[in-house]
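To convert, note that position 661 of the sequence shown is 661 in the UniProt record's numbering; the numbers rise steadily by one, no gaps.
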Amino acid sequence: MTGGRVLFGRSHELSAIEDLLAGARSGRGDALLVSGDAGTGKSALLDHARSIAAMRTLSATGVESESQLPFAAAHMLLRATFGHIDALPALQADGIRAAFGLGPPAGGDRFLVGLAGLALVSEYAGGEPLLCLVDDAQWLDQASADMVHFMIRRLGAEGIALIVATREGEGAFTVPGLPELRLGGLAACDAARLLGTVAGELPAGVRDRIIQETGGNPLALIEVAAQLDPEQRAGRIIPLALHVAAGSYQPGRIQAAFWHRIRRLPDRTRTLLLVAAADDTGDLGVVLRAAHRLGATLPDLAAAEQDGLVEVAGSVLAFRHPLVRTAAYRCAPAAQRVAAHQALAAVYTDAAHTDRRAWHRAVAALEPDADVAADLEVAAELAAVRGGHAEASAAYERAAELTDDPGTRFRLLAAAAEAAHQAGRLAQVITLAGRAQGLADDPAALTHLARLRANAEFERVSPRQACLTLLACASLVADRDPPAALPLLVEAAWRAWYAGDGALAADATRRLERLEVSPRPNLPVRVDLARLTAGDEASALLCVLAGDEDTGWTLATALVTELRDGGKIGRLPLALAALAIAELFRGEHPGASVAAAECVRLAADTGQPRRGALGTAVLALLAAIGGHEKRCAVLAEEVVGHASAHGIGSVAALGIWAAGLLDLGLGRYAEALRRLGGCPPTRSPRSCPPW
1 MTGGRVLFGR SHELSAIEDL LAGARSGRGD ALLVSGDAGT GKSALLDHAR
51 SIAAMRTLSA TGVESESQLP FAAAHMLLRA TFGHIDALPA LQADGIRAAF
101 GLGPPAGGDR FLVGLAGLAL VSEYAGGEPL LCLVDDAQWL DQASADMVHF
151 MIRRLGAEGI ALIVATREGE GAFTVPGLPE LRLGGLAACD AARLLGTVAG
201 ELPAGVRDRI IQETGGNPLA LIEVAAQLDP EQRAGRIIPL ALHVAAGSYQ
251 PGRIQAAFWH RIRRLPDRTR TLLLVAAADD TGDLGVVLRA AHRLGATLPD
301 LAAAEQDGLV EVAGSVLAFR HPLVRTAAYR CAPAAQRVAA HQALAAVYTD
351 AAHTDRRAWH RAVAALEPDA DVAADLEVAA ELAAVRGGHA EASAAYERAA
401 ELTDDPGTRF RLLAAAAEAA HQAGRLAQVI TLAGRAQGLA DDPAALTHLA
451 RLRANAEFER VSPRQACLTL LACASLVADR DPPAALPLLV EAAWRAWYAG
501 DGALAADATR RLERLEVSPR PNLPVRVDLA RLTAGDEASA LLCVLAGDED
551 TGWTLATALV TELRDGGKIG RLPLALAALA IAELFRGEHP GASVAAAECV
601 RLAADTGQPR RGALGTAVLA LLAAIGGHEK RCAVLAEEVV GHASAHGIGS
651 VAALGIWAAG LLDLGLGRYA EALRRLGGCP PTRSPRSCPP W
């Protein structure tokens, strides 16, 4: 039961929630992910958890229009705990204040903010069990999503239960290894019971048609039944126009069901709903001030409340379900949506809402506008300071779309690509860097964009494609600015090493030999070339591969610290891999293990499996050195399988070397010879080092 409502067909899910809450009461914190299509009952399960918890509850809901505002959802989740900020250690307190705009910027360290968020929740709980609920997590801003991920992994000793609900599909909130309840349509018998509860006795043909056309989606069942007219209730098959197989449904039909109710409301009520849907901070005062500019006032909200579409509690306005918000917004004419955003921008006048005002203006802009572009650039800079690089990228990109000046557009697109790179949004990097390259002429700018794009292509396409991108750019800039081509060719050789492509590596080397630079690079001394690219991940790894483990360790250590402090998690996996390999070469096995394990975790979180494979290879080698036969075999097989499938010949070789090293250590010399004899051929002993 939830608020007197029975949840049909969800006995397994209800049991899992009860177990989670029981664990929190006994001091064992844990988390649960609830996923499913729109209308499957995710919010109802969260409401059920709240109703039976018998403990304090913190909650937040992802808002689509705020998905580019760093820490917007985290602010909603933690606002009740702000009175406990002073109890945190100074660094954590400063970090959380900076993230929420309550204090000056503090470096944008996502890890520090995540730790501070968890500590703040723990302080608020005060040793008592606590329930945290996050709904519509598919619309969390990236900074808030990172904080929730951080909390999920560290709840064990806190006595905190966390339930996250997300829609499936593109943008879904995911946590590898987290227990998940996946909701689908109800079985026919449960769907019939639900229909009987909400619509009374229906003719079998009508009931079965509704179940068929909705696929058993609980919200669709309820909403379609609510629209039945007397003739349909008498047995006329309702005229749904779903041209799909039985058991499936169109989410748009659910939104249309809400719109059917919304369009019967008075005009000024619809205006109020549109304004609330366009902003949806839940701040009734903001909505009313903006709606007043469009001719609507508080009494106009009554009709929507009476129809059960929204509810008001104090100063908070909430839609009964996210699909009501979607229908209220997307079904309004374009001119009205523009007017709503203009009205909201007009009421957000204080400095604390600079980013929100800029985005409302941007959504309302229908043609280039330099003033709006400038506001968005400021919003992007603010987001980056807070560590919200994904949000910064979106703001820079939209700003580029709103400017007529080619030079400004190039600068903004390049900034968008850089921010996407820092956030680990690799597909966006490829697109944005490509668009910026089309506007670039300066060799230095072309070089930077090519390296960004190649870094993303390494993961999203292949190491070979990354190498080809670098070589193509080197051809463009070599004659005009030979020094600019140097790091491109060095990095191309490195990507070719990853791909195990000797021909491409030789091509890059020949181009380096022909390059007109002074002083001439001594190619065998690759440490010097690595130092030319110092300050990025490649420099550290190239130093190690060239035999200078100490320099590689120094560079990697400094870079990992820099990236952590700047919240640049997209670049951390490779930097950690370089650090792990340097530690391994130096004989610092515990440090290598820690760095490699973090590399694997972060690579998984940011969608960089090739970097993760390098970290796994280090773990496999450590297992071989330690004589851990089963662990080494599993890790080496994982590395070889993944690397071979994705064209990373050098990393596959590392997996083979790990297995061969284990054979040698266990005295299986014939097996070691057979295995290592199958290792990909290489021209350099350091390409597959016999560690």
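Think of the CB as a built atom: it goes at the ideal place given N, C-alpha and C, for glycine as much as any other residue.
Every value quoted in this text rests on a predicted model; they were computed, and no experiment measured them.
The DSSP assignment places 426-437 as complete runs of the alpha helix (DSSP H) inside the region 418-457, in order along the chain (cut-off: 4 residues). GLY36 carries a strand assignment under DSSP once its states are collapsed to helix, strand and coil. A Cβ-Cβ distance of about 6 Å is found for the pair SER65 and ALA278, placing them in contact under the 8 Å criterion. Assignment of PHE71 by DSSP, reduced to helix, strand and coil, places it in the coil class.
For LEU476, the enclosing alpha helix (DSSP H) starts and ends at 463-477. TRP657 places its beta carbon less than 9 Å from that of LEU621. Of the candidates GLY641, ALA652, ARG79 and CYS632, CYS632 places its Cα closest to the Cα of LEU661.
Cβ neighbours of LEU272 within its own chain (closer than 6 Å, five residues either side excluded): ALA291, ALA296, ASP300 and LEU301.
Here PHE319 is bridged, per DSSP, to VAL310.
Counting C-beta pairs closer than 8 Å gives fewer than three between the region 349-368 and the region 323-332, which falls short of the contact rule. A direct Cα-to-Cα measurement between ALA556 and ASP136 gives close to 38 Å. Under the three-state reduction of DSSP, SER26 is assigned to coil, being neither helix nor strand. Separation of ARG50 and ASP605 (C-alpha to C-alpha, rounded to the nearest whole angstrom) is 29 Å. By alpha-carbon distance to ALA31, the top candidate from GLY667, GLY438 and LEU181 is LEU181. ILE160 is bridged by DSSP to LEU130.
One Cα belongs to LEU468, the other to THR447, and the distance between them is close to 13 Å.
In this structure, the straight-line span from the alpha carbon of HIS642 to that of SER462 is close to 12 Å. Residues LEU186, ASP190, ARG193 and LEU194 of the same chain have their beta carbon placed closer than 7 Å to that of PHE8, with the five preceding and five following residues left out of the count. In this chain, the beta strand (DSSP E) harbouring SER59 covers 56-61.
If you draw a straight line from the Cα of GLY62 to the Cα of VAL363, it comes to about 19 Å. DSSP places GLU180 inside the beta strand (DSSP E), whose first and last residues are 180-183. If you ignore the 5 residues before and after ARG453, its C-beta comes within less than 7 Å of the C-beta of VAL429, ILE430, ALA433, GLY434 and THR469, all in its own chain and listed in chain order.
Pairing ALA499 with THR509, the inter-Cα distance amounts to about 15 Å.
Just so you know, the alpha carbons of GLU549 and TRP494 end up roughly 17 Å apart.
The secondary-structure analysis by DSSP pairs ARG167 across a beta bridge with GLY36.
The beta carbon of GLU671 sits closer than 6 Å to those of ASP663, all from its chain and outside the five residues before and after it, given in chain order. Residue environment: ARG167 is assigned as buried (16 or more neighbouring CB atoms within 10 Å of its CB, all protein chains considered). In summary, THR561 is exposed, with fewer than 16 beta-carbon neighbours lying within 10 Å of its beta-carbon over all protein chains present. Counting only the Cα atoms, LEU202 lies some 44 Å from VAL148. For ALA31, the three-state secondary structure derived from DSSP is strand. Under the three-state reduction of DSSP, ASP565 is assigned to helix.
By a beta-carbon distance limit of 8 Å, LEU78 does not contact LEU112. Their separation comes to about 15 Å.
The C-beta of ARG386 has 16 or more other C-beta atoms within 10 Å across all chains shown, which makes the residue buried. Rounded to whole angstroms, the separation of the alpha carbons of LEU298 and PRO179 is 43 Å.
Nearest C-alpha to ASN455 among LEU439, LEU488 and GLU13: LEU488. Secondary structure note for ILE222: its alpha helix (DSSP H) is the uninterrupted segment 218-226.
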